[in-house]
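Numbering (our numbering), first residue to last: -2 to 352.
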């Protein structure tokens, strides 16, 4: 009986290892060509946790089998470091402070706060942070009575210039900076309200391009969450809820793959150092992150600590907001601010220009 149980556990362990390896490989597979691996990549933290449990189990009962999962984890340890850091580098000798924040149209984390009051709290936070470059996504740009961009720029002591672009009649992205802007532009995607804007700014006699991006979201509505909480997998109606949710996720994976490829092409043609900020709506074990982050450094990996989660909405909390940068810049003092006035958290870091 013991041998039979041991054999079953070994088989399950091998399955868990194969799932983890598949998550590693998924980042190289374009979801707009083959989309199923994207789901596996999204499940990386769960697959990692299962393999850690197997290590603990084998250490208690059969130590030699602990290496099955241990080796698999070590093979992809770079993925783990993108989710968790013990503690990064800090320095007071830096040149540029960068902040990125998806403000969720100033509607708060659960649509319960007054939007004008919420916007005021966010502006106050921006003032306290005193960043040199501020990238906002899902900003409200039409009704000045909630968020007046020109007045905000005037009130922020460290900000002198700005760029904005609407992704719909009401919402869009904003980049604010204390540095002179010498060029600006947009990357738009067909049949999508998501947008990327880029801003060339002069920093210490050096031109740097800042990309402010917002990739495709899953568009999962509150009613979808309510349906998931009350479903019975055996009922046909419940299975339909799962099917529709799966279709939304598949569509988002495919659209993000296309958007990531377009942004990557644009970065490849850029003659300047780059800083890439924004809401990827995807985790570090995703095709989008892998493509956009190619040959760039991740500020969290270099100078963050903890799990670095940035999404605090209804879905599982992952790190989906990033500050990436050219490798000839150096990141310090990365921090995810515990500031809950959106379903995202703001991220900040300092960059040294001459690494």
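We treat Cβ as the ideally placed atom computed from N, Cα and C, and that holds for glycine.
Spatially closest choice to residue i from the options, by CA coordinates
| i | options | result |
| --- | --- | --- |
| residue 284 | 20, 82 and 164 | 20 |
| residue 69 | 205, 41 and 208 | 41 |
| residue 39 | 49, 23 and 30 | 23 |
| residue 261 | 314, 291 and 280 | 291 |
| residue 195 | 183, 96 and 205 | 183 |
| residue 279 | 337, 27, 316 and 167 | 316 |
| residue 51 | 3, 72 and 25 | 3 |
| residue 169 | 204, 176, 140 and 178 | 140 |
| residue 120 | 94, 27, 177 and 153 | 153 |
| residue 71 | 45, 265 and 111 | 45 |
| residue 342 | 273, 327, 314 and 171 | 314 |
| residue 14 | 0, 64 and 94 | 64 |
| residue 27 | 323, 266, 79 and 259 | 259 |
8 Å contact criterion, which residue i and residue j should meet: CB distance rounded
| i | j | result |
| --- | --- | --- |
| residue 100 | residue 136 | 6 Å |
| residue 85 | residue 300 | 3 Å |
| residue 209 | residue 193 | 7 Å |
| residue 336 | residue 60 | Not confirmed; about 45 Å, so no contact. |
| residue 325 | residue 270 | 6 Å |
Exposed unless 16 or more other CB atoms sit within 10 angstroms - verdict on residue i
| i | result |
| --- | --- |
| residue 268 | exposed |
| residue 216 | exposed |
| residue 253 | buried |
| residue 9 | exposed |
| residue 339 | buried |
| residue 355 | No information on residue 355 is available, as it lies outside the stretch -2 to 352 that the chain covers here. |
| residue 83 | exposed |
| residue 347 | buried |
| residue 105 | buried |
| residue 175 | buried |
| residue -1 | exposed |
Span separating the alpha-carbon of residue i from that of residue j
| i | j | result |
| --- | --- | --- |
| residue 43 | residue 36 | 12 Å |
| residue 77 | residue 67 | 13 Å |
| residue 305 | residue 297 | 7 Å |
| residue 162 | residue 5 | 56 Å |
| residue 34 | residue 12 | 15 Å |
| residue 124 | residue 56 | 51 Å |
| residue 149 | residue 126 | 14 Å |
| residue 96 | residue 303 | 18 Å |
| residue 98 | residue 159 | 15 Å |
| residue 255 | residue 263 | 13 Å |
| residue 206 | residue 197 | 4 Å |
| residue 113 | residue 142 | 7 Å |
| residue 332 | residue 132 | 15 Å |
| residue 242 | residue 311 | 14 Å |
| residue 62 | residue 47 | 15 Å |
| residue 31 | residue 282 | 16 Å |
| residue 115 | residue 238 | 33 Å |
| residue 54 | residue 287 | 33 Å |
| residue 18 | residue 49 | 14 Å |
| residue 146 | residue 178 | 17 Å |
Sub-8 Å separation of residue i and residue j beta-carbons
| i | j | result |
| --- | --- | --- |
| residue 308 | residue 87 | no |
| residue 81 | residue 144 | no |
| residue 289 | residue 318 | no |
| residue 294 | residue 334 | no |
| residue 173 | residue 200 | no |
| residue 190 | residue 165 | yes |
| residue 257 | residue 214 | no |
| residue 90 | residue 349 | yes |
| residue 167 | residue 138 | yes |
| residue 29 | residue 188 | no |
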